[in-house]
Amino acid sequence: GEKVEQHESTLSVREGDSAVINCTYTDTASSYFPWYKQEAGKSLHFVIDIRSNVDRKQSQRLTVLLDKKAKRFSLHITATQPEDSAIYFCAAISGSFNKLTFGAGTRLAVCP
Amino acid sequence: ETAVFQTPNYHVTQVGNEVSFNCKQTLGHDTMYWYKQDSKKLLKIMFSYNNKQLIVNETVPRRFSPQSSDKAHLNLRIKSVEPEDSAVYLCASSLTGVRDERLFFGHGTKLSVL
Chain Y
290 GEKVEQHEST
300 LSVREGDSAV
310 INCTYTDTAS
320 SYFPWYKQEA
330 GKSLHFVIDI
340 RSNVDRKQSQ
350 RLTVLLDKKA
360 KRFSLHITAT
370 QPEDSAIYFC
380 AAISGSFNKL
390 TFGAGTRLAV
400 CP
Chain L
0 ETAVFQTPNY
10 HVTQVGNEVS
20 FNCKQTLGHD
30 TMYWYKQDSK
40 KLLKIMFSYN
50 NKQLIVNETV
60 PRRFSPQSSD
70 KAHLNLRIKS
80 VEPEDSAVYL
90 CASSLTGVRD
100 ERLFFGHGTK
110 LSVL
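As they're listed, the protein sequences go chains Y and L. Note that the numbering used here has the first sequence beginning at 290, numbered continuously upward. Note that the numbering used here has the second sequence beginning at 0, numbered continuously upward.
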């Protein structure tokens, strides 16, 4: 089955700097890669996704890059703010059902 | 705004007891899920139901059983809890359950097994 590895377990940046979180996956058939955010004491909510027919997607301060050859995708957050502090989970879908395989999470701390 | 509701928020019990968790979604979605999040924040899918029918059943111990009365409700019963069942159980829903859909999560039920 699919395995998703999230490379940074923790990441600390200064407010205003950029943050990058990297993930790799194993199944070449994977075609959908969402990112979810979990703030302290709260549940997960969707932030951005990318499908395999594109290699870049941007939504305001968030950009996702996908390198299908390397089976790697990444989340870039520009101009970080304290409210970006959270655990970010990458995920991938392969197979016919909406069954997500999650990475282990990256705890992002944005320091003033 | 929360649209996937889970009860209880917390549950403390002893080894061997039976527990039940409830989940209800008000989004009109066809598919609901149970995920387990362990103490290291690792997330694993347990079950997925589409319109009351089981469509994904991961390798979970047989003491876990999902129950769905209609497409808006998906409960989880654990027949005889073990210490390793201590975790946060997250319920989620998606519109149709076909692949590439956004999931909407509840706030979770934290289970502590003493």
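From the three backbone atoms N, C-alpha and C, an ideal C-beta is built for every residue, glycine too.
> Counting only beta-carbon atoms, is TYR321(Y) nearer than 8 Å to chain L?
Replying inline: By this cut-off, TYR321(Y) is an interface position.
> For VAL399(Y), which beta-bridge partners are listed by DSSP?
Replying inline: DSSP lists VAL302(Y) as the bridge partner or partners of VAL399(Y).
> Closer than 7 Å, Cβ to any Cβ of chain Y: which residues of the stretch 42-63 of chain L, in chain order?
Replying inline: Cβ contacts with chain Y come from LEU42, ILE44, SER47, ILE54 and VAL55.
> ASP37(L) touches chain Y at which residues, Cβ-Cβ below 7 Å?
Replying inline: Ordered by position in chain Y, no residue passes the 7 Å Cβ test against ASP37(L), which lies about 10 Å from the chain.
> Going straight from the alpha carbon of LEU73(L) to that of LEU94(L), what length do you get?
Replying inline: Here the alpha carbons of LEU94(L) and LEU73(L) stand approximately 15 Å from one another.
> Does the distance from the CB of ALA376(Y) to the CB of SER320(Y) come in under 8 Å?
Replying inline: What sits at residue 376(Y) in the sequence shown is Ile, not Ala. Cβ distance not < 8 Å, so ILE376(Y) and SER320(Y) don't count as in contact.
>> Please list, in chain order, the chain Y residues whose beta carbon lies closer than 8 Å to that of GLU100(L).
In response: Under the 8 Å cutoff, chain Y gives ASN387.
> So, helix, strand or coil for GLU372(Y), using DSSP?
Replying inline: GLU372(Y) falls in the helix class under three-state DSSP.
> When DSSP labels each residue in this structure, what does PRO7(L) get in the three-state scheme?
Replying inline: Reduced to three states, the DSSP call for PRO7(L) is coil.
> Of the residues that make up the stretch 321-349 of chain Y, which ones have a beta carbon closer than 8 Å to any beta carbon in chain L?
Replying inline: So the close ones are TYR321, PRO323, TYR325, GLN327, LYS331, SER332, LEU333, HIS334, PHE335, ASP338 and ARG340.
> Which whole runs of the beta strand (DSSP E) in the stretch 335-388 of chain Y are 3 residues long or more, in chain order?
Replying inline: Given a length threshold of 3 residues, each whole run of the beta strand (DSSP E) inside the stretch 335-388 of chain Y is given here in chain order: 345-348, 351-356, 361-366 and 375-382.
>> Which of the three DSSP states is assigned to PRO82(L) in this structure?
In response: In the structure shown, PRO82(L) falls within a helical segment according to DSSP collapsed to helix, strand and coil.
>> For a contact defined as C-beta to C-beta under 7 Å, what are the partners of SER93(L) on chain Y?
In response: Near SER93(L) (Cβ distances below 7 Å), the residues of chain Y are ASN387.
>> Assuming GLN36(L) is part of the beta strand (DSSP E), what are its boundary residues?
In response: Where GLN36(L) is concerned, the enclosing beta strand (DSSP E) starts and stops at 30-36.
> Anyone know if the C-beta pair for THR101(L) and PRO323(Y) falls short of 8 Å?
Replying inline: According to the sequence displayed, residue 101(L) carries Arg and not Thr. Yes, the Cβ-Cβ distance between ARG101(L) and PRO323(Y) is below 8 Å.
>> Taking the straight line between their C-alpha atoms, what separation do you get for ARG303(Y) and PRO401(Y)?
In response: One Cα belongs to ARG303(Y), the other to PRO401(Y), and the distance between them is close to 6 Å.
> Mind checking PRO65(L): buried by the 16 CB within 10 Å criterion, or exposed?
Replying inline: Buried: at least 16 other Cβ atoms inside 10 Å.
> Exposed or buried, what is ASP84(L) when buried is set at 16 or more other beta-carbons lying within 10 Å of its beta-carbon?
Replying inline: Flag for ASP84(L) reads buried.
> Do you know how far the Cα of PHE104(L) is from the Cα of LEU26(L)?
Replying inline: C-alpha separation (whole angstroms): 11 Å.
>> Using the three-state DSSP reduction, which class does VAL87(L) fall into: helix, strand or coil?
In response: In this structure, VAL87(L) counts as strand in the three-state DSSP scheme.
> Once you ignore the five residues that flank MET31(L) on each side, which residues in its own chain have a CB closer than 6 Å to its CB?
Replying inline: Apart from the 5 residues on each side of it in sequence, MET31(L) sits with its Cβ closer than 6 Å to the Cβ of TYR48, LEU73 and SER92 in its chain, given in chain order.
> From this set, VAL55(L), ALA86(L) and ALA71(L), which residue's C-alpha is nearest VAL112(L)'s C-alpha?
Replying inline: Ranking VAL55(L), ALA86(L) and ALA71(L) by Cα distance to VAL112(L) puts ALA86(L) first.
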